[in-house]
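Position 223, counted from 1, in the sequence shown is what the numbering used here calls 369; the numbers after and before it change by one each time, with no gaps. Some notes on the structure that comes next.
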Amino acid sequence: MKFKPYEEYKESEIDYIGQYPIHWEITKLRFIFEERKEKNYGNREKNILSVVKDIGVIPYSEKGNVGNKHSEDIERYKIVYKNDIVMNSMNVIIGSVGRSQYEGVLSPIYYVLKIRDKEKFNVIYYENIFRMTSLQRELTKYGKGILAHRMRIPMNLLKNLELPLPPKEEQDKIADFLDHNLAKIDKFVELTERQIELLKEQKEVLINDAVTKGIDKDVVYKDSGIDWIGEIPEHWEVTRLKYILDNKTEKGRVLKDDQSYIGLANIESKTGNIIGIDNDIKIESDSPKFKEGDILFGKLRPYLTKVAIAKNSGLCSGEILVLRNKNSTNFKKYILYRFLSYDFINIVNASTYGSKMPRAEWSFISSLKISLPPKKEQKEIVDYIEKETNKIDRTIELYKNQIELIKEYRTSLIASAVTGKIDVRDF
């Protein structure tokens with residue numbers, strides 16, 4: 147959709163605004179907002195809030211296991227009311243800002259801004275200004291600190307930030323226009339992300355069916371004698387993992403130039419991919435050694451399904467089992483996909499101990515029986531899995547690209563509307 151510009155513009159000489167409509171004004175933040183400094187004395191408010199990058203203000207209970215824990219003493223926390231603008235003084239530059247839909251309290255590290263006059267200023271219009279990436283870049287001029295994500299902006303500088311000031315009726319139109327269009331964009335993103343999740347589930351089912359039932363639909367089945375496996379092709383055998391894999395426990399601390407260190411974070415969940423390798427890491431303690439071709443199995447929180455085949459030799463986290471083929475009669479990629487299958491992960495996960503940091507043990511995994519086709523068929527199954535999952539991955543990538551493009555459009559639409567590059571008065 148193409149939007150028309152205003153008839154006439156003037157230069158703001160402010161980087162993030164640029165040219166703006168000739169009948170608009172520029173004013174400082176302190177004339178639009180006042181800082182709310184009300185404290186939670188007597189613990190009268192119990193609802194603890196937080197601000198999450200690119201999301202906004204949410205109840206702390208919805209934040210999950212991310213970021214700092216809140217203080218037990220919340221008397222010094224700041225009171226927040228509905229429609230207050232809240233920003234993290236240390237993270238506003240990277241998008242930790244939003245309009246509160248809740249009443250509650252926030253850590254003293256947050257700035258709470260109250261609109262001065264609802265008859266003159268539309269808080270939703272200004273919320274969208276604070277979400278502009280170009281404004282966040284502008285704020286780096288006011289920041290104190292080396293890292294952008296920890297750069298503090300003092301309030302005595304922030305209050306002098308220059309902001310656009312359209313007539314109130316135009317603020318209202320822009321806010322309504324963005325509410326309408328951003329809702330459509332967000333719905334598209336939500337539906338597309340759901341399609342991606344469905345495709346990922348399709349991949350999981352495909353892998354699980356292939357490694358448990360094979361790919362020959364005309365085969366005769368037999369009972370495996372194992373509850374969690376069920377029926378298997380009659381020519382497959384059943385064996386314990388300890389007869390086909392060794393758990394290697396040799397340790398070291400020094401990486402050679404052609405070696406890598408692999409932590410749990412370097413094994414992508416459910417894909418078998420190794421990602422984000424940093425060979426400059428300092429290794430503080432003895433770590434398990436692995437060789438090219440070893441299977442690396444994340445034993446901490448096994449439900450995350452962190453399993454991969456090492457592409458070279460190196461050292462890894464102690465939370466990773468290093469498993470090596472005992473002989474060449476088994477195709478290691480088949481074993482990898484067997485480990486990636488959800489019925490295998492579910493049975494391993496059920497064996498874990500520890501509620502907060504559940505771990506699996508080799509003593510249990512090694513005793514598990516798995517179904518095993520002949521090596522030739524193992525390779526055929528792997529070839530089939532990789533051919534079909536590659537198709538799914540390509541579709542997922544297309545969907546991800548669509549999301550990326552629409553998010554870029556969303557960012558551009560906000561900036562164009564709030565700085566007057568497009569005229570939405572007829573919306």
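All C-beta atoms, glycine included, are put in the ideal place defined by N, C-alpha and C.
| Asked | Found |
| --- | --- |
| If you draw a straight line from the alpha carbon of Leu307 to that of Glu191, how long is it in whole angstroms? | 31 Å |
| Of the residues Asn471, Leu450, Cys462 and Ser501, which one's Cα is nearest the Cα of Ser487? | Leu450 |
| Out of Ile560, Glu221, Val528 and Glu265, which has the shortest C-alpha to C-alpha gap to Thr279? | Ile560 |
| List, from N- to C-terminal side, the beta strand (DSSP E) runs of 3 residues or more that fit wholly inside the region 412-440. | 433-436 |
| Count the C-beta pairs between the region 423-430 and the region 379-392 that are closer than 8 Å, then say yes if the count reaches three, no if not. | no |
| Determine the extent of the beta strand (DSSP E) in which Ala454 is found, giving its start and end residues. | Val453 to Ile455 |
| Hey, is the region 171-182 in contact with the region 309-322, meaning 3+ C-beta pairs nearer than 8 Å? | yes |
| My output table needs one value for Asn299: the three-state DSSP class, helix, strand or coil. | In the sequence on display, residue 299 carries Ile and not Asn. Reduced to three states, the DSSP call for Ile299 is coil. |
| Roughly how many angstroms lie between the CA atoms of Thr395 and Leu461, to the nearest whole one? | 11 Å |
| What distance in whole Å lies between the Cβ atoms of Leu467 and Asn393, which are believed to be in contact at a cut-off of 8 Å? | 6 Å |
| In chain order, what are the residue ranges of uninterrupted beta strand (DSSP E) at least 3 long that sit wholly in the region 372-404? | 377-379, 383-386 and 391-394 |
| Three or more C-beta pairs closer than 8 Å, one from the region 190-206 and one from the region 229-245: is that the case here? | yes |
| Go ahead and label Ser558 buried or exposed: buried means 16 or more other beta carbons lie within 10 angstroms of its beta carbon, across all protein chains shown. | exposed |
| Based on the DSSP secondary-structure assignment, which residues constitute the bridge partners of Ile261? | Phe179 |
| Does the beta-carbon of Ala454 have 16 or more other beta-carbons within 10 angstroms, so that it is buried, or is it exposed? | buried |
| In whole angstroms, what is the alpha-carbon distance linking Ile493 and Ser433? | 27 Å |
| For Trp374, is the classification buried or exposed, using 16 other Cβ atoms within 10 angstroms of its Cβ as the cut-off for buried? | exposed |
| How long is the line joining the alpha carbons of Val212 and Glu377, rounded to whole angstroms? | Below a pLDDT of 50, predicted positions are generally treated as unreliable, and Val212, at 48, falls in that range; the measurement from the model is reported next regardless. Whole-angstrom Cα-Cα distance: 42 Å. |
| Can you tell which of Val226, Ile255 and Tyr257 has the C-alpha that lies nearest to the C-alpha of Tyr248? | Val226 |
| For Arg556, which option in Ile429, Lys445 and Val335 has the closest C-alpha, if you only look at C-alpha atoms? | Val335 |
| Let's see if you can read the secondary structure: which residues bound the beta strand (DSSP E) around Asp98? | Here the chain covers residues 147 to 573 and nothing more, so residue 98 does not appear. |
| Count the other CB atoms within 10 Å of the CB of Asn473; is the residue buried (16 or more) or exposed (fewer)? | exposed |
| Once you ignore the five residues that flank Lys553 on each side, which residues in its own chain have a CB closer than 6 Å to its CB? | none |
| Per DSSP, which one or two residues make a beta bridge with Asn234? | Tyr256 |
| What are the boundary residues of the beta strand (DSSP E) that includes Lys224? | Lys224 to Val226 |
| Is it the case that the Cβ atoms of Ala411 and Glu438 are separated by a distance below 8 Å? | no |
| Who are the Cβ neighbours of Glu350 in its own chain at under 6 Å, not counting the five residues just before and after it? | Tyr488 |
| Does the beta-carbon of Asp369 have 16 or more other beta-carbons within 10 angstroms, so that it is buried, or is it exposed? | exposed |
| Mind checking who Leu311 pairs with in its DSSP beta bridge? | Glu171 |
| Given a threshold of 16 other Cβ atoms within 10 Å of its Cβ, counted over all protein chains shown, does Gly188 qualify as buried or as exposed? | exposed |
| In three-state terms, what does DSSP make of Lys522? | helix |
| Measure the C-alpha to C-alpha separation of Arg277 and Leu259 and round it to an integer number of angstroms. | 15 Å |
| By Cβ distance, which residues of its chain are closer than 7 Å to Glu383, with the 5 residues on each side in sequence left out? | Leu518 |
| Straight-line CA distance for Thr541 to Ile204? | 33 Å |
| Taking 8 Å as the limit between beta carbons, can you name the residues of its chain near Phe323, skipping five residues before and five after? | Ala563, Val570 and Phe573 |
| Express the C-alpha separation of Ile481 and Ile292 in angstroms, rounding to a whole number. | In this prediction, Ile292 scores a pLDDT of 49, lower than 50, which makes its location untrustworthy; no coordinate-derived value is stated. |
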